[in-house]
Amino acid sequence: MKQIIDFIPLIVFFVLYKMYDIYVATGALIVASALQIVLLYVLYKKVEKMQLITFVMVAIFGSMTLILHDADFIKWKVTIVYVVLALALAISHLMGKSAIKSMLGKELELPNQVWNKITWAWVVFFALCAALNVYVAFHLSQDIWVNFKVFGLLAATLLFTLLTGVYIYKYLPKDNKVE
């Protein structure tokens, strides 16, 4: 259920962009993101830090998009989210508290060098997504950017998650592997 709730603002943005324009879609994205936070809190009594950070960024950059009537601001939000993710993973790892290991380490027992490789792979992935978003957002049409944001980045993230799972599987202790 939580995963479905996570996609609601993105779906609302995409549908309203296709029906109207970037400004209607951006306004709806702000509202949908706020409702998402409320719904997550009501259902789970908890909201993840990254969801709050993303909401604040949607509210700030979305409001700037609407007030200044300039779609470039909402395009930058995507890049900044990926940069924040890359930096958060890198900094937490360098401080000796790998965020990925903290999230998954309770369920998975892996050697430290595997956690290190996974962390740096995700740092590079997020940095590449940020750079690619800048290129697509500011060198291609707005329609291409919206499709890229909604489908391209989502597909890339799902694929990278799958590849990470395949990589992890090789290092699982024999008794943890599903045969």
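Read left to right, the sequence shown gives residues 1 to 179 (the UniProt record's numbering). We put the CB at the ideal spot given by N, CA and C, even for glycine. What you are looking at is a predicted structure, and each value in this text was computed from that prediction instead of being measured.
Item: Along the chain, where does the alpha helix (DSSP H) containing Gly27 start, and where does it finish?; Value: 22-44
Item: Asn133: buried (16+ other C-beta within 10 angstroms of its C-beta) or exposed?; Value: buried
Item: Along the chain, where does the alpha helix (DSSP H) that runs through Lys49 open and close?; Value: 49-68
Item: Closer than 8 Å is the cut-off here; do at least three beta carbon pairs connect the stretch 120-139 with the stretch 79-99?; Value: yes
Item: Can you tell which of Lys75, Asn147, Thr119 has its C-alpha closest to the C-alpha of Leu89?; Value: Thr119
Item: In terms of residues, what are the limits of the alpha helix (DSSP H) holding Pro9?; Value: 2-19
Item: From the DSSP output, in three-state form, read off Gly165 for me.; Value: helix
Item: Is it buried or exposed, Ser102, if we count other Cβ atoms within 10 angstroms and call 16 or more buried?; Value: exposed
Item: Quick check: the stretch 10-25 against the stretch 143-158, are there 3 or more CB pairs under 8 Å?; Value: yes
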